[in-house]
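Only one structure is covered here, and it is reproduced in the block below.
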Amino acid sequence: MTHLHDEKTKFLEEKAIEIRKSIIEALVEAKSGHTAGPLGMTDIFTAFYFHILKQDPKNPTWEDRDRVVLSNGHICPVLYATMAHAGYFPVEELKTLRKFGSRLQGHPHREYLPMLETSSGPLGQGLSQAVGMALVDRLDRGQNTNRTVYCFLGDGELNEGQVWEAAMLAGKEKLHNLVAIVDRNNIQIDGYTENVMPLEPLALKWASFGWHVLEIDGHNMAAIVDAVDAARAIFEKPSVIIAHTTPGKGVEMFENDYKWHGNPPNKEQGENALAELRTLGGQIDSEHQ
Amino acid sequence: MTPLNPKLFDTDVEQAPIRAGFGEGLVLAGRADDRVVAMCCDLTESTKMDAFAKEFPKRFFEMGIMEQSSISVASGMAAMGKVPFVSSYAMFSPGRSWEQIRTTVCYNDRPVKIVGSHAGISVGPDGGTHQAIEDIAITRVLPNMTVIAPCDSIEARKATLAMAKTNSPTYIRLAREKTPIVTTEETPFEIGKAQEFFRTESPKVGIIACGGLVYNALVAAKELQAEGVNTVVLNIATIKPLDRDAVIALAKECNAIVSVEEHQVAGGLGSAIAEVLAVEHPTKMAFIGVHDKFGQSGTPTELIEHYGMGISHIKEAVKKLL
Chain A
-19 MTHLHDEKTK
-9 FLEEKAIEIR
1 KSIIEALVEA
11 KSGHTAGPLG
21 MTDIFTAFYF
31 HILKQDPKNP
41 TWEDRDRVVL
51 SNGHICPVLY
61 ATMAHAGYFP
71 VEELKTLRKF
81 GSRLQGHPHR
91 EYLPMLETSS
101 GPLGQGLSQA
111 VGMALVDRLD
121 RGQNTNRTVY
131 CFLGDGELNE
141 GQVWEAAMLA
151 GKEKLHNLVA
161 IVDRNNIQID
171 GYTENVMPLE
181 PLALKWASFG
191 WHVLEIDGHN
201 MAAIVDAVDA
211 ARAIFEKPSV
221 IIAHTTPGKG
231 VEMFENDYKW
241 HGNPPNKEQG
251 ENALAELRTL
261 GGQIDSEHQ
Chain B
72 MTPLNPKLFD
82 TDVEQAPIRA
92 GFGEGLVLAG
102 RADDRVVAMC
112 CDLTESTKMD
122 AFAKEFPKRF
132 FEMGIMEQSS
142 ISVASGMAAM
152 GKVPFVSSYA
162 MFSPGRSWEQ
172 IRTTVCYNDR
182 PVKIVGSHAG
192 ISVGPDGGTH
202 QAIEDIAITR
212 VLPNMTVIAP
222 CDSIEARKAT
232 LAMAKTNSPT
242 YIRLAREKTP
252 IVTTEETPFE
262 IGKAQEFFRT
272 ESPKVGIIAC
282 GGLVYNALVA
292 AKELQAEGVN
302 TVVLNIATIK
312 PLDRDAVIAL
322 AKECNAIVSV
332 EEHQVAGGLG
342 SAIAEVLAVE
352 HPTKMAFIGV
362 HDKFGQSGTP
372 TELIEHYGMG
382 ISHIKEAVKK
392 LL
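As they're listed, the protein sequences go chains A and B. Numbering of the first sequence is given in the numbering used here, commencing with residue -19 and proceeding in unit increments. Numbering of the second sequence is given in the numbering used here, commencing with residue 72 and proceeding in unit increments.
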């Protein structure tokens, strides 16, 4: 993967705005679903699907592809919107989100949308599946495998014991072909993570399970790309990228308020949000420049 | 007639643990197909995965005491083209790992093979905490799932080989203690097919059994024959998909059915049979199994008798239906 040049950075930031628009439109149309997490993870998903991932939207079963496991399935609006914009299926289909007969189920279901690596929603189960994929990747291709298994997790999700079972196994097996990305947005349904069930010191927790830990600003394209490069360069252990994100990123009304974890904007709120999207159309430069 | 062990009704009938047949079958499956991998939750010897681990060390994964994560790890392995067998005690997997099985195995429709050893009340002295008598119910309720409860170690070996060849999520239920060898190498086995193991002329009651209690059902049928009561014994190793045709045919022939299983009566083999017959051919039934109780410590025989699954209980149930 190449380092980002300015033009590509700008392209990714503009793409992220398009994807945020699609997310808001889909949620307004769906009248239910999660707002904060998808908007908070849009920059990261954009960086992955438009720069980082080894994949081919026209050949989703390509054996050499990187594998993506979305463990916190409830943020699927960002997965769907990013995949649609990347060419996996028509952007228009996003309007069917959560509707009867749609391939875009409220939580991802690979029987309906086979280009997904797995179904998800019930929290805590994704990292184990990613560990299984990474174990087989190493069994079949050896230490020099050029595939990477990426697993996206929420921070509230880390309350689940199964995540730490999987983390322990990945540490034991020294799975360098596995990279976990934690959306550290500090909110979950009942409130702020440190009030609901404290996670800190989070980096030390992962490190003590045998993981290489990176911490980044999850809205800085260059930082996202560099962190994944650094993670892939580690050969002795699995890596986790703790991405500090702003839930609801891009719309002031949604930002940092846990009430937007599990609610969609109504029509009026959606229109306001679309008008407000801060870097709309790339007219305003990224805050991180 | 289905070929069965000629010493079946002798007092010195050979005995072997059903789980041992699984261990042999897994090695054979591993030799036949290098996609077969195995994972165990710190019970490698007692769930009889040790022979596979020894012969295929790279394809065996020690998971530690992590029944929940192990199921999802297996799902990830299956997503990469493997046929993973995951073993633990049935109480913990599928017991503890049920939602992982539901979401990451069955909802994903991945060919993960879940091996629940030490199932049933006959695990004995360990007591009620370790006696899985709900596992058939919680697995057969899941879409896409196949559920198999072999009657002896030979059938367990054949079932293991057969399930390694399918693309379906599958649960196989094994018992710890030695039980009589009922079948022979020649006895046919096919997933989804019932086998008639005993028949006397003009039968009045059909006995349908699974697992180690098939032996008790056969002895009961033999003794009933001597008392002038004619029955048929059907071995149903595959509880799901159920051999509906065989069940309906037997009900039409006998008009009375006794189900026999080492499991809660709610949700098990008997319930599966009743669901079919209630619609297709309403039939009087009796259910041999555990009636809404937890188990306790004791010898297998003491427990089977105490909870009403002995030979005398089966005979009594048959006679009541006459």
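Where is the CB? At the ideal position from N, CA and C, for every residue including glycine. Everything numeric in this text was worked out from a predicted model, so none of it was measured.
Check residue i in the structure and name its three-state DSSP category.
i: A:Y92; result: coil
i: A:Q269; result: Below a pLDDT of 50, predicted positions are generally treated as unreliable, and A:Q269, at 40, falls in that range; the measurement from the model is reported next regardless. The answer is coil: DSSP assigns A:Q269 none of H, G, I, E or B.
i: A:L(-16); result: coil
i: A:S188; result: helix
i: B:M151; result: coil
i: B:F260; result: coil
i: A:A255; result: helix
i: A:C131; result: strand
i: B:N287; result: helix
i: A:N139; result: helix
i: A:E(-7); result: helix
i: B:Q266; result: strand
i: B:L305; result: strand
i: B:S273; result: coil
i: B:Y160; result: strand
i: A:H65; result: helix
i: B:G187; result: strand
i: A:H224; result: strand
i: A:K75; result: helix
i: B:D83; result: coil
i: A:G261; result: Residue confidence for A:G261 is low, a pLDDT of 43 falling below 50, so the modelled location carries little weight; the figure read from the coordinates is stated next. Note: A:G261 maps to helix in three-state DSSP.
i: B:M356; result: strand
i: B:V336; result: coil
i: B:I252; result: coil
i: B:E205; result: coil
i: B:P88; result: strand
i: A:V208; result: helix
i: A:K217; result: coil
Going along chain B, which residues have a C-beta under 8 angstroms from residue i?
i: A:T98; result: S146, G147, A150, T175, N179
Determine the chain A residues that contact residue i at a beta-carbon separation under 7 angstroms, and present them in chain order.
i: B:E170; result: P102
i: B:Q139; result: Q142, E145
i: B:K153; result: V116
Just the chain A side, please: which residues come within less than 8 angstroms of residue i by C-beta, in chain order?
i: B:F132; result: L115
i: B:K184; result: Within 8 angstroms Cβ-Cβ: nothing; B:K184 doesn't reach chain A, min ~14 angstroms.
Pick from the options: whose alpha carbon is nearest that of residue i?
i: B:V50; options: B:H189, B:V194, B:N76, B:Q171; result: The question about residue 50 of chain B has no answer, for chain B in this structure spans 72 to 393.
i: B:L392; options: B:K311, B:S368, B:T302, B:V336; result: B:T302
i: B:K293; options: B:P74, B:P155, B:A246, B:L79; result: B:L79
i: B:D180; options: B:S117, B:L213, B:M162; result: B:L213
i: A:L50; options: A:P102, A:G171, A:K38, A:F215; result: A:P102
i: A:G112; options: A:M177, A:Q168, A:G228, A:A150; result: A:A150
i: B:V304; options: B:T82, B:L321, B:E298, B:K249; result: B:L321
i: B:H384; options: B:R167, B:P240, B:V331, B:K264; result: B:V331
i: A:H31; options: A:A202, A:F215, A:M95; result: A:A202
i: B:E116; options: B:S158, B:K264, B:H362, B:V350; result: B:S158
i: A:L33; options: A:E(-2), A:F69, A:L93, A:V205; result: A:V205
i: A:V220; options: A:N124, A:H156, A:G86; result: A:H156
i: A:V286; options: A:R118, A:N139, A:L138; result: Outside the displayed span of chain A (-19 to 269) sits residue 286 of chain A, for which this structure offers no information.
i: B:H352; options: B:Q367, B:G341, B:G369, B:A327; result: B:A327
i: B:A190; options: B:E248, B:F127, B:R173, B:E138; result: B:E248
i: B:M380; options: B:Q367, B:C325, B:N306, B:A288; result: B:A288
i: B:A308; options: B:M162, B:V84, B:T231; result: B:T231
i: B:K251; options: B:G283, B:M356, B:G166, B:I185; result: The residue you asked about is not Lys; residue 251 of chain B is Pro in the sequence shown. Comparing Cα positions, the closest option is B:G283.
Which partner residues does residue i have in the DSSP bridge list?
i: A:L50; result: A:F132
i: A:L158; result: A:V129
i: B:R244; result: B:G187
i: B:M110; result: B:F132, B:V157
i: A:I167; result: A:Y172
i: B:I278; result: B:V304, B:V329
i: A:E195; result: A:I222
i: B:K311; result: B:V218
i: B:V361; result: B:Q335
What does residue i reach in chain B if we use C-beta pairs closer than 7 angstroms?
i: A:S188; result: Result: empty, since nearest Cβ-Cβ is about 16 angstroms, beyond 7 angstroms.
Given that residue i touches chain B, what residues does it touch there, using C-beta distances under 9 angstroms?
i: A:E174; result: Within 9 angstroms Cβ-Cβ: nothing; A:E174 doesn't reach chain B, min ~26 angstroms.
i: A:S12; result: Residues of chain B passing the Cβ test: none, with the nearest at roughly 20 angstroms.
Starting from residue i, find everything on chain A with Cβ-Cβ shorter than 9 angstroms and list it in chain order.
i: B:K264; result: Within 9 angstroms Cβ-Cβ: nothing; B:K264 doesn't reach chain A, min ~27 angstroms.
Contact list for the region 114 to 126 of chain A against chain B, Cβ threshold 7 angstroms
L115, V116, D117, L119
Identify each residue in the region 96 to 130 of chain B for which the Cβ-Cβ distance to at least one residue of chain A is less than 7 angstroms, and report them in chain order.
K129
Against chain B, which members of the region 74 to 91 of chain A pass a CB distance test of less than 9 angstroms?
H89, R90, E91
Cβ-based contacts, 7 angstroms cut-off: residues of the region 35 to 59 of chain A near chain B
none
Short of 9 angstroms Cβ to Cβ, which residues in the region 226 to 249 of chain B face chain A?
none
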